[in-house]
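Residue numbers (the working numbering), protein chains in the order written: chain A, 1 to 400; chain B, 1001 to 1071.
Glycine included, every Cβ here is placed at the ideal spot set by N, Cα and C.
This structure is a prediction, so every number in the text was calculated from the model and none was measured.
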């Protein structure tokens, strides 16, 4: 009996040994130091909206807008001499959009520059991950340019993973140093101002700074959540120069908003694996700023796995906000007020956004192509209580 | 504003107190690509248009302002 018990014990230890981590040897530690392509992500989307409260025409008029966006991201990595993972992520984006309300900035031109525009936005992220210490340092830089707006951004991030890898704390800070072209509505421009496609408009600064802290925590084998708190501060010219305001005394002016804005959003994300086939993804955010907006966002997405490689994800998002202190509809702002706006994006409203996503990630690759590892298609319909509706379709392709 | 920080602090305390240790080999469900604790790439355009069409922003992995001609 003793022999059998010892044999069983020996087998048990042997099996445990085969699953346990092996000791550090040179070959176990070896990781190729060559630069490798980790993945390529291509995201294409089509967005279309219809509405009747265009800010450029003082809260009345068509908000019809179409935007076609494409981004490509290349993720490269290599291990350095200290076996730290260095990741370089290069992204380039281009948007083409047409906007009915922007065309009203100068309706006398056949097609003003802002009626349709292209926005380009390259960015680069670099990170160093020390797997032994559980730390990751990151740096990022971004650039964005459209006809009337140029942005230069930079940021830093730091993450620390707990020893048991069940908790992660991430700190981030970003700064955007932007320039806004002062394009006034045509009837309000001083004599001799540039018109149409001339690009000699004066510009002014709009700087944004934000810092955030995120705590991610594994709760159980099927449940994890994260808490996010952010502080964002903007300073400079924060109104849109071409947004008209029609005052109650029948005079016309442009939007005027304070020169600074402090925003405090706090978010909670919780994901739960229900059974073996269903994932519940939920998100809640409370937001408050010093212009008077208080907002709540809540969303729930239910992912149903039809099999290990195909899933469907219906979702619903509800949003509600109060208006800024300076908002008033068409012809109700007082001409004597220091700050005023008729931008319905800053009015009180609630909105619903619902749709469905489908994700394919077959073991042998999408359409049997090994490198084509994932395809995701998502459609959503947005309905805002102040007569704005939109539809968005997005396609994400991952190549590995 | 004080209330917000009070609730956030309370939530963090509850989270840290109520979690259990999950071993790496028990993370089959947590490691699923669709369990990621952040907005996915396919949601990128949605996050952008919400930033343009709504007054609130941030705490979702997207921008909290700046970087584009938005709020």
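Give me the DSSP bridge partner(s) of residue 252 of chain A. As a first step, residue 252 of chain A must be located in the first chain, where it is residue number 252. In DSSP, residue 252 of chain A forms a bridge with A:246.
Excluding sequence positions up to five away, which residues of its chain have a Cβ less than 6 Å from the Cβ of residue 396 of chain A? As a first step, residue 396 of chain A must be located in the first chain, where it is residue number 396. Cβ neighbours of residue 396 of chain A beyond the five flanking positions: 43 and 376.
Starting from residue 1044 of chain B, trace the alpha helix (DSSP H) in both directions and tell me its first and last residue. Counted from its first residue, the second chain places residue 1044 of chain B at position 44. DSSP places residue 1044 of chain B in the uninterrupted alpha helix (DSSP H) bounded by 1044 to 1053.
Nearest-angstrom Cβ-Cβ length linking residue 146 of chain A and residue 1064 of chain B, presumed shorter than 8 Å: Position 146 of the first chain, counted from the start, is the residue given in the question as residue 146 of chain A. Position 64 of the second chain, counted from the start, is the residue given in the question as residue 1064 of chain B. Contact between residue 146 of chain A and residue 1064 of chain B does not hold, since the beta-carbon distance rounds to 20 Å and is not under 8 Å.
Between which two residues does the beta strand (DSSP E) containing residue 285 of chain A stretch? For the purposes of this step, residue 285 of chain A is taken as the residue at position 285 of the first chain. It spans 278 to 289 - the beta strand (DSSP E) in which residue 285 of chain A sits, taken as one unbroken run.
Could you tell me whether the region 300 to 317 of chain A touches the region 352 to 372 of chain A, using the rule of 3 or more Cβ pairs below 8 Å? The region 300 to 317 of chain A is in contact with the region 352 to 372 of chain A.
Grouping DSSP H, G and I as helix and E and B as strand, with all else coil, what is residue 144 of chain A? Mapped onto the first chain, residue 144 of chain A falls at position 144. In this structure, residue 144 of chain A counts as strand in the three-state DSSP scheme.
Leaving out the 5 sequence neighbours to the left and right, which residues in its chain are closer than 6 Å to residue 394 of chain A when beta-carbon positions are compared? Here the question's residue 394 of chain A lines up with position 394 in the first chain. Taken in chain order, the residues that qualify are 45 and 378.
Buried versus exposed, by CB contacts within 10 Å (16 or more), residue 304 of chain A: As a working note, residue 304 of chain A is residue 304 in the first chain. So residue 304 of chain A counts as exposed.
Would you mind working out which of A:175, A:327 and A:301 sits nearest residue 1040 of chain B, comparing C-alpha positions? Counting from one through the second chain, the residue named residue 1040 of chain B turns up at place 40. Nearest neighbour of residue 1040 of chain B by Cα position, chosen from A:175, A:327 and A:301, turns out to be A:301.
Under a CB-based cut-off of 7 Å, is residue 120 of chain A close to chain B? Taking the first residue of the first chain as position 1, residue 120 of chain A is located at position 120. Taking CB atoms only, residue 120 of chain A has no neighbour in chain B less than 7 Å away.
Check whether the region 209 to 220 of chain A and the region 237 to 246 of chain A are in contact - that is, three or more C-beta pairs closer than 8 Å. Contact fails: fewer than three Cβ-Cβ distances are below 8 Å.
Would you say residue 332 of chain A and residue 248 of chain A are within 7 Å of each other, going by their C-beta atoms? As a working mapping, residue 332 of chain A is identified with position 332 in the first chain. As a working mapping, residue 248 of chain A is identified with position 248 in the first chain. Yes, the pair counts as a contact, with Cβ atoms nearer than the cut-off.
Helix, strand or coil for residue 215 of chain A? Go by DSSP, reduced to three states. Taking the first residue of the first chain as 1, we reach residue 215 of chain A at position 215. Of the three classes helix, strand and coil, the one that applies to residue 215 of chain A here is strand, per DSSP.
Give the residues of chain B in contact with residue 164 of chain A, contact being defined as C-beta atoms less than 7 Å apart. As a working note, residue 164 of chain A is residue 164 in the first chain. Against chain B, a Cβ distance below 7 Å from residue 164 of chain A picks out 1021.
Excluding the 5 residues flanking residue 365 of chain A on each side, which residues of the same chain have their C-beta closer than 8 Å to its C-beta? The sequence position of residue 365 of chain A within the first chain is 365, counting from 1. So the list reads 371, 372 and 373, once near-sequence residues are dropped.
Chain B contact for residue 98 of chain A (CB, 7 Å cutoff): In the first chain, residue 98 of chain A corresponds to position 98, counting from 1. Chain B, which has no Cβ nearer than 7 Å to the Cβ of residue 98 of chain A, makes this no.
Beta-carbon separation of residue 405 of chain A and residue 48 of chain A under 7 Å? The structure shown has nothing for residue 405 of chain A, since chain A only spans 1 to 400.
Residue 66 of chain A: which of A:77, A:101, A:41 and A:79 sits nearest, CA to CA? On the first chain, position 66 is the one that residue 66 of chain A refers to. Comparing Cα positions, the closest option is A:101.
Residues of the region 1029 to 1050 of chain B whose Cβ lies closer than 9 Å to any Cβ of chain A, in chain order: 1029, 1030, 1032, 1033, 1034, 1035, 1036, 1037, 1038, 1039, 1040, 1041, 1042, 1043, 1044, 1045, 1046, 1048, 1049 and 1050
From residue 321 of chain A to residue 1035 of chain B, what distance separates their C-alpha atoms? Mapped onto the first chain, residue 321 of chain A falls at position 321. Mapped onto the second chain, residue 1035 of chain B falls at position 35. Those two C-alpha atoms are separated by around 29 Å.
Can you tell me which of A:256, A:298, A:121 and A:95 puts its alpha carbon nearest to the alpha carbon of residue 269 of chain A? Taking the first chain and counting its residues from 1, one reaches residue 269 of chain A at position 269. If we check each option's Cα against that of residue 269 of chain A, A:298 comes out closest.
For residue 71 of chain A and residue 175 of chain A, I'd like the C-alpha separation in whole angstroms. For the purposes of this step, residue 71 of chain A is taken as residue 71 along the first chain, with counting starting at 1. For the purposes of this step, residue 175 of chain A is taken as residue 175 along the first chain, with counting starting at 1. Distance between the alpha carbons of residue 71 of chain A and residue 175 of chain A: 22 Å.
Since residue 1064 of chain B meets chain A, which of its residues come closer than 7 Å, beta carbon to beta carbon? Here residue 1064 of chain B corresponds to residue number 64 of the second chain, with the count starting at 1. By Cβ distance, chain A contributes 210, 230, 232, 263 and 265.
Beta bridge counterpart(s) of residue 51 of chain A as assigned by DSSP: As a first step, residue 51 of chain A must be located in the first chain, where it is residue number 51. In the DSSP output, where bridge partners are listed per residue, residue 51 of chain A has A:388.
Among A:254, A:151 and A:161, which has the Cα closest to the Cα of residue 207 of chain A? Looking up residue 207 of chain A in the first chain gives position 207. Among A:254, A:151 and A:161, the Cα nearest to that of residue 207 of chain A is on A:151.
Closer than 6 Å by C-beta to residue 99 of chain A: which residues in its own chain qualify, once you throw out the five before and the five after it? Chain order, please. Translated into the one-based positions of the first chain, residue 99 of chain A becomes position 99. Result list for residue 99 of chain A: 65, in chain order.
What span of residues does the beta strand (DSSP E) with residue 294 of chain A cover, start to end? Walking along the first chain from the start, residue 294 of chain A turns up at place 294. 294 to 307 is the extent of the beta strand (DSSP E) around residue 294 of chain A.
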